[in-house]
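Have a look at the structure below, then the notes.
Numbering (the UniProt record's numbering), first residue to last: 1 to 929.
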């Protein structure tokens, strides 16, 4: 023990006094530490304090690890980590611990005793250390624990140790037992472990708030329920429940006082990179992509039949080859949002999104064998025609109107969002890009029809893949090879492929991706008009199924390339996150930012990437325009204008494409005023697909469903998904993020003098910022949320599952209450023989029983009956056409006859006028005589 550590009391007389003789208060501590303010009445206590706090002497070692302790009791306490023994148990709640002192403190929770009270305010606590911390925080401002490597000081030693691990040593001693995650603090590990276990043992008795970390419950209780505000602002009357509240408030009074304003100072000290703009070569490459897309449309405007019939314009004469159909199916919903969003998703949250390729396998099998045969057997052009045949025209109109609203908004966003993201980074003019793409897309879709759409989709998929490959190859080279890319992502906790926690609030887990993602993508590939219209353009069902199966490797390639781009982006920006450093406004700009930093020295490659982005936008928009024209024509025009000719219907279709193209550009302009509503509009696309899939599934798989059940079911489905979706926009889900840093960002020269130790400060402050953001601030903000917000935390991938369950359940209940449909009276082509496909090995008699009364044996009879009705309808239309033609001919003859008669009369009148002109005029007087 160093000399001078023990300071004897200044007056022995004071020592001998009884408490009553010292004004009724206990005698002051007799032994004082010379290096800090520690005081005690026992010399052994002071010796142990000096050994623990000020000396490196640790004679006691743990036999299982490298831990050393100043006292044997320290090692005994530490050994609980290895043995797992918890001999002390609470008789009230079953709480177990390895230390008797911990149990004694825990029992105060049940007794309500708070024996430690502050002498300067009303604060009381169950823990002596909490009272010390409170006194130092709220009253004395003392920070006895100093960091040896920087100027940081703390009130408590655990805070200093945490600071040392986070800022200097980089040590992360707390490791998750279920994955490779490591943390610098026990709180962060507990918060992370809740993602695996779903256990939140700490529950607020007042409002039901739950958390995995006890400190977060304490923060919540103080902020929400106790009403205590012990921390005051020195400049005004503001009082805060926590010191962090006062620190945040101090921003109003001074520039660099609070923790977060210190981070702001560091961010302002970072040197913003000078991004190069588009070169001439980039504009040439981009223009070539636009010209090729327009050229394909012009070619198909004049080749073949010249798009003179609706069958050719909307369905390519049902003669398309498998390859372009497969490529178009892939491209239709792999939009620019996918090109920009998927790499940003992997960069931000990890590789769990990559696992969607497994979902695609199940989704395509279900779509190809359960939904596709129904539309093919009926020979429809609009998928919503099925709803009228199965239920009624009301259900058809409802589904069709929903699809039109969904696709028009989505196309406007697909046009505006990528242009906005690229404008900020590449310098591409926003409205120039919007108008160019909108006009070109509308042009080639109008003149070229479905053939032009599918062949341009094929070309645009190739451009997208080339853009991805350019980023992956050059980025891997810059990072030092793909092995280095993989190791950096492993170190950055981005490689997460399987999360088996069934908690539906986890944004991307194995279950939400496989089940929720399966429902979401089945709503797209199974019943969405844009996709149905594509595989109906094949010659037969077998070719359509082949085209759909080719999407399995195709989608795997696209998702893999996009995910690898995300890994490359993180490897290149591992030490300097552009969003945190405020180089970028949103994560959607990460991909173009990386491209301009990475590929700008290669002329034309940035242009190739921008072409890939807008190729994704064009493929989605052209598919949407063609499908919107088909739905509007088939569902809203033909039922009321049945006697128009085929050429007139085709011209109407082209006008509709032009109309929706103009509307798309208008909605892109309107999107610029929406701001945060953009994300809500994108979420609406997913919220609408679930109820539509539910009503189609209700009709295809349940023969008892009737019209009333379908109408009530789909309305309830919409109400449920919009309630959850809008609630999630109001109460944003708490989504923990893997760590990021700006420690490696370059610094601006003119700000270095203003920031002391700026390099280490940047690293330490931002580490602090994200430690707080990922745990304490999130939980503190959660304390402001109502209990129902936990339901809104459900992952967006479960929206489709919820919608289908609600629609089917409500639809069946209403159907049986109002009188179910008789299965024997249904057209068997409207019902999928599910058990014939799923249980093909069953005997025929068993499968016949599982038809539930539907007469699938009569399919040919219904088909022949429909053919006869169609022939009669064609004959009726032909007779009407002939009658109209004859009536027009007769009217023309009558008109000519009338004109001829009128011409004879005119000739007689003309002759009379000429005769009168030859007769001499008679004077009035003569005439009077």
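For glycine and all other residues, C-beta sits at the position ideal for the given N, C-alpha and C. All of these numbers come straight from a predicted model, not from anything done at the bench.
Per DSSP, the unbroken alpha helix (DSSP H) holding residue 157 starts and ends at 157-164. The alpha-carbon separation between residue 134 and residue 128 amounts to approximately 10 Å.
Measuring C-alpha to C-alpha distances from residue 824 to each of 60, 831, 853 identifies 853 as the nearest.
Assigned with DSSP and collapsed to three states, residue 471 falls in helix. Note that the C-beta distance between residue 413 and residue 667 is below 9 Å. Sixteen is the threshold: when 16 or more other Cβ atoms of the shown chains lie within 10 Å of the Cβ of residue 451, as they do, the residue is buried. With respect to the 9 Å criterion, residue 687 and residue 725 are classified as neighbours on the basis of their beta carbons. Between residue 369 and residue 359, the alpha-carbon positions lie close to 16 Å from each other. Under DSSP, residue 175 takes part in a beta bridge, and its partners are 182. Collapsing the DSSP output to three states places residue 139 in a helix.
Residue nearest to residue 647 within the set 309, 515, 610 is 309 (criterion: CA-CA distance). Runs of alpha helix (DSSP H) with 4 or more residues, each lying fully within the region 472-556, are found at 482-491, 517-525, 529-535, 541-549, listed in chain order. Residue 334 sits in coil when the DSSP states are folded into three classes, being neither helix nor strand. For residue 221, the enclosing alpha helix (DSSP H) starts and ends at 214-221. Judged by their CB atoms, residue 602 and residue 285 are not nearer to each other than the 9 Å cut-off. In this structure, the straight-line span from the alpha carbon of residue 615 to that of residue 289 is close to 8 Å. Inter-residue distance for residue 895 and residue 634 is about 37 Å (C-alpha atoms, whole angstroms). In this structure, residue 400 sits near residue 631, with a CB-CB distance shorter than 9 Å. Taking 9 Å as the cut-off, the beta carbon of residue 610 is found no closer than this to the beta carbon of residue 174. In the three-state scheme derived from DSSP, where H, G and I count as helix and E and B as strand, residue 832 is classed as coil.
Minimum Cα-Cα distance from residue 690 among the listed residues 800, 829, 605 corresponds to 800. The C-alpha of residue 789 lies about 7 Å from the C-alpha of residue 727. Residue 97 has 88 as its beta-bridge partners, per DSSP.
Taking one beta carbon from each stretch, the region 471-486 and the region 563-572 have 3 or more pairs nearer than 8 Å; the two touch. By the Cβ test, the region 573-586 is not in contact with the region 461-478, since fewer than three Cβ pairs between them sit closer than 8 Å. In this chain, the alpha helix (DSSP H) harbouring residue 627 covers 605-632. Residue 865 sits in a helix when the DSSP states are folded into three classes. Note that the region 810-824 touches the region 701-712; at least 3 beta-carbon pairs, one per stretch, sit closer than 8 Å.
For the options 562, 330, 57, 231, the alpha carbon positioned closest to that of residue 121 is the one of 231.
C-alpha of residue 381 to C-alpha of residue 315: approximately 8 Å in a straight line. DSSP places residue 83 in the uninterrupted alpha helix (DSSP H) bounded by 72-83.
In the three-state DSSP reduction, residue 893 falls in the helix class (H, G or I).
Around the beta carbon of residue 348, 16 or more other beta carbons lie within 10 angstroms, which makes this residue buried.
Per DSSP, the unbroken alpha helix (DSSP H) holding residue 280 starts and ends at 280-302. Non-local C-beta neighbours of residue 626 in its own chain, meaning closer than 8 Å and more than five positions away in sequence, comprise 314, 445, 449, 450, 453, 530, 533, 657, ordered along the chain. For residue 429, there is no enclosing alpha helix (DSSP H), as DSSP marks it with neither H nor E.
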